[in-house]
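Chains as they are written, first to last, in this note's numbering: chain A, 1 to 456; chain B, 457 to 912. To start, the structure itself, in structure tokens.
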């Protein structure tokens, strides 16, 4: 139970935060601008206008500290928000730790993850801008299902290009998209020029996120009333997620507690940012909270990737973004945490790391699954493979507190539940789960694609 | 929004009901006793003692109106309870109905359904009675996963015999059981005499619930410190579920509303009873609420089955139970709502129907899925196939209210989410879902197995 003796700390619907937090107002060092790769000059709004509506482009570059959440978005948020903040007291007892562990359960959304926080906002702003249809790509399907859900809420059409190997191996998520009325096709598909030509050359390709992005963007720029939507990395996407951390801060007040350690897993950076940025704001203004981002050893962008200008996509079509990256050619090992398999990290997170406002750690997937099983067998809920990375470090911190004999408050973002990702657990139990830690040679090789671009 | 203008009506943890409601105290006509099939005499506690602990047998026959929920069970309930009561305002707007529709979201439990309400209680009482291990059977896997979850919470071993065809076709639920530490085998298995001999004769059998029950009971009676656990039908199981309706009544008070119609889907009867019995209590004492149980046309026990003494299992090993039944040999068509494929209905529900304290309706699965898709596309959450049956009638009642121009409050039990049952939706969209309505000849044929047993 929390200090206030509740298992779940519930924030009243009427007290849901009414604004998102935009850390660009408080960053000690401003972000480097994205660059137009043709000119190497800062990319302007016009470089993005073909694929995003102007209201979202404005959010992308805004330096306003607080951005009002529109009434229409708040109304949809109430379907699952405020999400409960749980005290993980059973896990604490199991670990015999004096630490208090809290987890923010983002698995309660209809799509079972934090992704709808931005999907709903993006669908709304596109709707307002007169857009009738959104395209996107998806790997394992978390983002595709979240955007399908959000488009359905606002009456937009939605087309999802899903990496073929996931489309074939993870049929549940594509069914979920269909339930919400979206059109989901395996990528490469016959629906775009790029897809058709790629298929002709490689009829047996398993597909890749890079190919899927290229198809989604081609579809966007060649279709009427259509824009493109991205589920992570960009500034406005991270900002939409800050509702997670803002709610958590209110809930900790109710629990009469204060975070000493804040933990989230990091892929593109959206769930981590959502939890962490409001706490990093406090840190900028003098608070001592320790904020930890956790990535897989199979994709160690924050812990081993340089800060460089790189493309957001594999096909090298986006503006150059200033970020910690392993190079846009990098194809991460096939770990089950599909949401953490991204070659770069959001510019905001990269900046925050450079300015020592957070700490980065990496965890191999066997350790992550072990932590997930410990969680499921103590707290009950089965975590997503991505979430397991955050849990592993929360457990590590709780054990450290025990060894040091220190009381401590640990808060983690429980980014989603694992109901549609149970196969990784099966492999874990059968001993067939691989560890995947990158060697220095592999890292050096993967960084080759960064050569020849400007340095930030 | 509800009358009190909330999307979700949340009951404070401190106000969770502390007692279960036992309708045996209030039934206008007492239940017929179960009979020992060897003697045709009322079965006593000793007939059940080989497979159930005495504390649960006492609950089975108790006439106390209120039974204290043990502290240890309440503590576990708080992991997901009180569950939210949602106002389905988006569905209402879509239907243009003056009715207010509420749904009680039992999908928020770690196992995604209402089943843990009794699983946790049963695991606790077995633990207290010194039992170290529970056996059970499961069809699609909802009950098996709920009991695995509950046994893990109380440190009991758990062995689940899962019908082979489901074991092969629905791999996610068996993985879930493993995450919670249970041992799940395909039935018939090589772990019991009955299983081995059945396999020898029918090596390619898809298995059946009847075979799985026989294996679970054999394992129970031949193993040390082991008891058997059932997920529906029995009086104590239904009583544990009444926490659903009791919470709902408190939440309706918060919403300043009152139920005119209460709806739940019916298989063995546990989720329906959980929601309905506290409202039926009010009806017994003069309230006008209309309580509707909804079953599939493929398994119309309440609407077309006679009230008779019949076995609870296909292998004819249990005491004879007084219930609406289609005969213990009846094998329902393979509808996706696996939880509604049971040849009989709980004696308590059968009694309540005979005494006209409820109404029974049936819905074919295509209509049910259509309702489920309407729900998912308005309210967001994707319902389980069982739940879709309740939704279909809620929609029917809401449309009736519109046609009659009447305000009305409709409350339904949303028994679980459909995240692990998405294949049925896929079939629905591809037009391959079959309707399955039984003919009179089929009913007559299936009733043959009732001949030769005493009449209630």
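Cβ coordinates follow ideal geometry from the N, Cα and C atoms, glycine included. It should be emphasised that the depicted structure is a prediction, and the values quoted were computed from it without experimental measurement.
In the structure shown, the three-state DSSP call for residue 104(A) is strand. DSSP places residue 301(A) in the helix class (H, G or I) of the three-state scheme.
Those residues of the stretch 560 to 577 of chain B placed with their C-beta closer than 8 Å to a C-beta in chain A are 564, 566 and 568, ordered along the chain. Comparing C-alpha distances from residue 475(B) to each of 505(B), 692(B), 507(B) and 667(B) shows the shortest one belongs to 692(B). Per DSSP, residue 159(A) is one residue of the beta strand (DSSP E) stretching across 157 to 163. Distance from residue 375(A) to residue 107(A) at the Cβ level is roughly 12 Å; contact not present, criterion being Cβ atoms closer than 8 Å.
Rounded to whole angstroms, the gap between the alpha carbons of residue 105(A) and residue 85(A) is 6 Å. Within the same chain, 276, 280, 291, 292, 293, 349 and 352 come within 8 Å of residue 358(A) by CB-CB distance, once the 5 residues on both sides are set aside. According to the DSSP assignment, residue 603(B) belongs to the alpha helix (DSSP H) that extends over 598 to 610. Looking at the DSSP output, residue 848(B) bridges to nothing. Judged by DSSP secondary structure, residue 765(B) falls within the beta strand (DSSP E) whose first and last residues are 763 to 767. Looking at the DSSP output, residue 263(A) sits in a beta bridge with 292(A) and 412(A). Relative to the Cα of residue 233(A), the nearest Cα in the group 311(A), 37(A), 72(A) and 123(A) belongs to 311(A). One finds nothing in chain A with a Cβ atom closer than 8 Å to the Cβ of residue 494(B); even the nearest lies about 42 Å away. Residue nearest to residue 17(A) within the set 47(A), 70(A) and 259(A) is 70(A) (criterion: CA-CA distance). Taking one beta carbon from each stretch, the stretch 499 to 511 of chain B and the stretch 755 to 763 of chain B have fewer than 3 pairs nearer than 8 Å; the two do not touch.
When beta bridges are read from the DSSP output, residue 492(B) appears opposite 497(B). At least 8 Å separates the beta-carbon of residue 565(B) from that of residue 522(B).
With respect to the 8 Å criterion, residue 651(B) and residue 671(B) are classified as neighbours on the basis of their beta carbons.
Here residue 51(A) is not bridged, per DSSP, to any residue. Below the 9 Å Cβ cutoff, chain B contributes 532, 535, 536, 565, 566, 567, 572, 605, 608, 609 and 636 as neighbours of residue 380(A), in chain order. The way I'd put it, the stretch 843 to 853 of chain B does touch the stretch 814 to 829 of chain B; three or more beta-carbon pairs between them come closer than 8 Å. The contact set of residue 7(A) on chain B, defined by CB atoms closer than 7 Å, consists of 469, 534 and 535 in chain order. For the stretch 347 to 381 of chain A, residues whose beta-carbon sits nearer than 7 Å to a beta-carbon of chain B comprise 373, 376, 377, 380 and 381.
Taking each of 705(B), 880(B) and 758(B) in turn and checking the Cα distance to residue 539(B), the smallest one comes out for 705(B).
Between residue 346(A) and residue 268(A) a beta carbon distance of about 6 Å is seen, short of the 8 Å cut, so the two are scored as contacting. Identification of residues in the stretch 860 to 879 of chain B having a C-beta nearer than 9 Å to some C-beta of chain A yields 873, 874, 875, 876, 878 and 879, given in sequence order. Annotation: residue 771(B) is outside any beta strand (DSSP E) and is labelled neither H nor E by DSSP. Under the 10 Å beta carbon count, residue 774(B) is surrounded by 16 or more other beta carbons and is classified as buried.
In this structure, the straight-line span from the alpha carbon of residue 181(A) to that of residue 627(B) is close to 26 Å. Annotated three-state conformation of residue 641(B) is strand, per DSSP. Closest option to residue 479(B), judged by alpha-carbon separation, among 699(B), 591(B), 615(B) and 678(B): 699(B). Between residue 176(A) and chain B, the shortest Cβ-Cβ separation is below 8 Å. In the DSSP secondary-structure assignment, residue 475(B) is bridged to 524(B). For residue 819(B), the closest alpha carbon among the candidates 757(B), 835(B), 833(B) and 568(B) is that of 757(B).
In the structure shown, residue 893(B) falls within a coil segment according to DSSP collapsed to helix, strand and coil.
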